[in-house]
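Here the structure comes first, spelled out in structure tokens, and everything after it is commentary.
In this note's numbering, the protein residues as written are 91 to 320.
In structure tokens:
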């Protein structure tokens, strides 16, 4: 009996040791999970703060007129030409114009409009100014026009941010997988998330201008303004 009791005590001691170790491992894993969540969350919080600042600049902007949007459109056109190796084929230019400026063109490019970069930019900017003025003519006063542009820009930001948050959630799951086991997961997450955020900032400008130029403006029976965004 004494032997059995002693044997039982040894067995219990071993079990207690195993249980204590398992508990320590579980507690350490929980601490690591909390720390990891906080670190991943910090990256998202920083991006969210930049989004808030972007929205605030639009809301607090005293005036958004043709000159303001002309600068934005010029930047987008330059990016488009650079990304396509400054190729000036008629089909490529028309595709860009109909995707980003006007679904129906009332000014088609002549041969001289495709001669060089300056000519292409000039042609696309003419299309932009026509499309912008046409949209603004559907809105009765400056206050309504400013409000329309503000809402179209904010919508572009909000939609892009929703997609960015969704991407970062998927990214975290991927980076935590086996293929990144030998790397620093947080470093990889921050690097890829930041690259995606930079891309999103460029995409926001494209969406802003598309919303303003391609949004279908109409009035409800009660006279309320309605806009179908592209």
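Glycine included, C-beta positions come from ideal geometry on N, C-alpha and C. Since the structure is predicted, the reported quantities are computational estimates derived from the model, not experimental observations.
**Asked** Along the chain, which unbroken stretches of the alpha helix (DSSP H) at least 4 residues long are found entirely within the region 188–235?
**Response** For secondary structure counted as the alpha helix (DSSP H) over 4 or more consecutive residues, the region 188–235 holds these complete runs in sequence order: 207–227.
**Prompt:** Exposed or buried, residue 119, counting other C-beta atoms within 10 Å across all chains shown (16 or more means buried)?
**Reply:** In this prediction, residue 119 scores a pLDDT of 48, lower than 50, which makes its location untrustworthy; the coordinate-derived value is nonetheless stated afterwards. So residue 119 ends up on the exposed side.
**residue 304, DSSP secondary structure in three states** = helix
**Message:** Tell me the residue span of the beta strand (DSSP E) that contains residue 319.
**Reply:** Careful: residue 319 lies outside any beta strand (DSSP E) and carries neither H nor E.
**Message:** Along the chain, where does the alpha helix (DSSP H) containing residue 160 start, and where does it finish?
**Reply:** 156–173
**Prompt:** In whole angstroms, what separates the C-alpha of residue 138 from that of residue 181?
**Reply:** 39 Å
**Asked** For residue 309, does the three-state DSSP call read helix, strand or coil?
**Response** In the structure shown, residue 309 sits in a strand (DSSP, three-state: E or B).
**Message:** Just to confirm my understanding: we take residue 320, look at its own chain, exclude 5 residues before and 5 after, and list those with CB closer than 6 Å. What are they?
**Reply:** 300, 304
**Message:** Please classify residue 163 as buried or exposed, where buried requires at least 16 other C-beta atoms within 10 Å of its C-beta.
**Reply:** buried
**Request:** Spatial neighbours of residue 174 within its chain, please: CB distance less than 8 Å, with the 5 preceding and 5 following residues excluded, ordered by chain position.
**Result:** 182
**Prompt:** Quick one: is residue 181 near chain C, going by C-beta distance under 7 Å?
**Reply:** Although the question refers to chain C, the structure presented lacks it and comprises just one protein chain.
**Span separating the alpha-carbon of residue 298 from that of residue 213** = 21 Å
**Asked** Do three or more CB pairs link the region 304–318 to the region 216–231 at distances below 8 Å?
**Response** yes
**Buried versus exposed call for residue 259 [16 or more other C-beta atoms within 10 Å across all chains shown]** = exposed
**As assigned by DSSP and simplified to three states, the class of residue 178** = coil
**Prompt:** Could you give the distance in angstroms between the alpha-carbon of residue 157 and the alpha-carbon of residue 288?
**Reply:** Between residue 157 and residue 288, the C-alpha separation is close to 25 Å.
**Prompt:** Can you tell which of 130, 133, 132, 144 has its C-alpha closest to the C-alpha of residue 250?
**Reply:** 144
**Prompt:** Roughly how many whole angstroms lie between the Cα atoms of residue 218 and residue 277?
**Reply:** 42 Å
**Message:** Let me make sure I understand the geometry here. Which of 160, 295, 255, 240 has the alpha-carbon closest to that of residue 136?
**Reply:** Here the closest residue by C-alpha is 255.
**Proximity winner among 134, 211, 236, relative to residue 48 (alpha-carbon distances)** = One cannot answer for residue 48 here, as it falls past the ends of the chain, which runs 91 to 320.
**Asked** Hey, out of 302, 261, 292, 293, whose CA is closest to residue 134's CA?
**Response** 261
**Item:** Nearest to residue 282 (by Cα), restricted to the options 292, 296, 265
**Value:** 265
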